[in-house]
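Below you'll find the structure, written out as structure tokens, and then a few comments.
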Amino acid sequence: AGFHGPAPATRRRPPADGAVVMHQVRFDGSFDEWRPLARDLLAAGVEPHQVEWLNGDAPSSLFSQCADLPEPGNPPRPIRIPRQLLAELEMAARFRSDDRWALLYRILWRVVEGERTACLVGDVDGSELHLRIKAVRREAHHLHAFLRFSPSEASDAPDYVAWFEPAHDILPSAAPHFAERMGLHSWLIATPDDAVLWDGRAMHYARPCPPAWRQLTQGAQDPGAELWKTYYESTFNPARLNRQVMQSNLPVRFWKNLPEGPLIGQLMSRARAGAQQNGQAERVAQRPGKRIGMARQGD
1 AGFHGPAPAT RRRPPADGAV VMHQVRFDGS FDEWRPLARD LLAAGVEPHQ VEWLNGDAPS
61 SLFSQCADLP EPGNPPRPIR IPRQLLAELE MAARFRSDDR WALLYRILWR VVEGERTACL
121 VGDVDGSELH LRIKAVRREA HHLHAFLRFS PSEASDAPDY VAWFEPAHDI LPSAAPHFAE
181 RMGLHSWLIA TPDDAVLWDG RAMHYARPCP PAWRQLTQGA QDPGAELWKT YYESTFNPAR
241 LNRQVMQSNL PVRFWKNLPE GPLIGQLMSR ARAGAQQNGQ AERVAQRPGK RIGMARQGD
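The numbers in full-length UniProt numbering rise by one with no breaks, and the one at position 291 of the sequence shown is 291.
Set out below in structure tokens:
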């Protein structure tokens, strides 16, 4: 779904002699609003280097001069965009980068001009497009894997709440995953930029995140957190620790919002100090029962 925001605007000023002719397009930062604007620019024959995309209140360039959009030809220039490309552009639009809209428009322009390779992995722009799609999908996986709901005690609040800090704008597309799994339970996911509320029947999206929702999710306390931390520590096996692999699968930036987060660094330090020689966490090794040692190399 598109985000609601100020109406799109194209800043217009007569260009000064020798200045770069630019069309500064200000919009709400959503793909739904960007798409028709991009189509109008394509129809008017505006080249990628002549467009500056501005999200919301983002400042414009100081030295570029703006001009009116040229009128589309008569008849209008035919624009045919493959459906698969539109889906790829929408996915890549969730990748946070200063040039996100410039890259998408440049690819669109090249494809419309007949360069079908512009969206392929072997192309410079196409390669960047697919790298961003991959990053967005991975971030959605991170949301599904590392988000932790806490029960809410307030009578007028959702049943469960969670705070998450994604690297990209994946919440609207990734949140339905939880609606399918939590049934009629209501829940709220808030991030620094936006939030999704599921009331048990419908999903409500808000951007920016309302301060009350931010406070509710960041202040939530999970009564089962201590039990989970005890379980996590007791089952941690230093003998199987591969720091690089672990941090690849569970990036450090997520630790602070996980109940077990404060323990991870301690357990890894313990492993580096030689705890891996036991093949078990120290806490488990002290329990009654048979001690299991690690096999020596060459045995």
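Positions of the beta carbon are idealized from the N, C-alpha and C atoms, including for glycine.
For glutamate 52, does the three-state DSSP call read helix, strand or coil?
The three-state secondary structure of glutamate 52, taken from DSSP, is strand.
Of the listed residues Glu128, Asp193, Ala179, nearest to tryptophan 187 (C-alpha basis):
Considering only alpha carbons, the answer is Ala179.
Outcome for histidine 141 when other beta-carbon atoms lying within 10 angstroms are tallied against a minimum of 16:
Histidine 141 is exposed by the Cβ-count criterion.
Beta-carbon proximity check, phenylalanine 31 vs glutamate 90, cutoff 9 angstroms:
Yes; because the gap between Cβ atoms is below 9 angstroms, this pair is in contact.
Within 10 angstroms of the Cβ of alanine 145, are there 16 or more other Cβ atoms? Answer buried if so, exposed if not.
With a 10 Å radius around the Cβ and a threshold of 16 neighbouring Cβ atoms, alanine 145 comes out exposed.
Sort Cys119, Lys256, Leu258, Asn237 by Cα distance to methionine 268 and report the nearest one.
If you compare the alpha carbons of Cys119, Lys256, Leu258, Asn237 with that of methionine 268, the shortest gap goes to Asn237.
Confirm, please, whether the CB-CB distance from phenylalanine 149 to threonine 191 is below 9 angstroms.
The answer is no: Cβ separation not under 9 angstroms.
What number of angstroms, rounded off, separates the C-alpha of phenylalanine 63 from the C-alpha of glutamate 115?
Note that phenylalanine 63 scores a pLDDT of 49, beneath 50, so its modelled location is shaky and nothing firm can be said.
Residue(s) in a DSSP beta bridge with tryptophan 198
In the DSSP assignment, tryptophan 198 is bridged to Trp187, Met203.
Less than 9 angstroms between the C-beta atoms of asparagine 133 and valine 112, yes or no?
Sequence check: residue 133 is isoleucine here, not asparagine. Cβ atoms of isoleucine 133 and valine 112: not closer than 9 angstroms.
Is it buried or exposed, arginine 100, if we count other Cβ atoms within 10 angstroms and call 16 or more buried?
When all chains shown are included, arginine 100 counts as buried.
Per-residue DSSP class, three states only, for residue 304
An answer regarding residue 304 cannot be provided, because it is not within the stretch 1 to 299 covered by the chain.
So, for alanine 7: in the same chain, excluding its five sequence neighbours on each side, which residues have a beta-carbon less than 7 angstroms away from its beta-carbon?
Residue placement at alanine 7 is flagged as unreliable, the pLDDT there being 38, under the threshold of 50; a coordinate-derived value is accordingly withheld.
DSSP state of alanine 179, grouped into three classes?
The DSSP-derived three-state label of alanine 179 is helix.
Taking the beta strand (DSSP E) that alanine 167 falls in, what are its first and last residues?
In the DSSP annotation of this structure, alanine 167 is not part of any beta strand (DSSP E), being labelled neither H nor E.
Can you tell me whether leucine 143 is buried or exposed, with buried defined as 16 or more other CB within 10 angstroms of its CB?
So leucine 143 counts as buried.
What do you reckon, are the CB atoms on valine 161 and tyrosine 105 nearer than 9 angstroms?
The Cβ-Cβ distance between valine 161 and tyrosine 105 does not fall below 9 angstroms.
With C-beta atoms as the reference, is aspartate 193 less than 9 angstroms away from cysteine 209?
A distance below 9 angstroms separates the beta carbons of aspartate 193 and cysteine 209.
Which first and last residues belong to the alpha helix (DSSP H) in which proline 172 is found?
Run containing proline 172: 171-174, per the alpha helix (DSSP H) assignment.
For alanine 162, list the residues DSSP reports as bridge partners.
Looking at the DSSP assignment, alanine 162 forms a beta bridge with Ile189.
Hey, leucine 171 and valine 196: beta-carbon distance below 9 angstroms or not?
Between leucine 171 and valine 196, the C-beta spacing is below 9 angstroms.
Sort Asp169, Leu37, Pro158, Arg83 by Cα distance to alanine 92 and report the nearest one.
With distances taken between CA atoms, alanine 92 lies nearest to Asp169 out of Asp169, Leu37, Pro158, Arg83.
Please classify aspartate 156 as buried or exposed, where buried requires at least 16 neighbouring CB atoms within 10 angstroms.
If you draw a 10 Å sphere on the C-beta of aspartate 156, you find fewer than 16 other C-beta atoms in it, and that means exposed.
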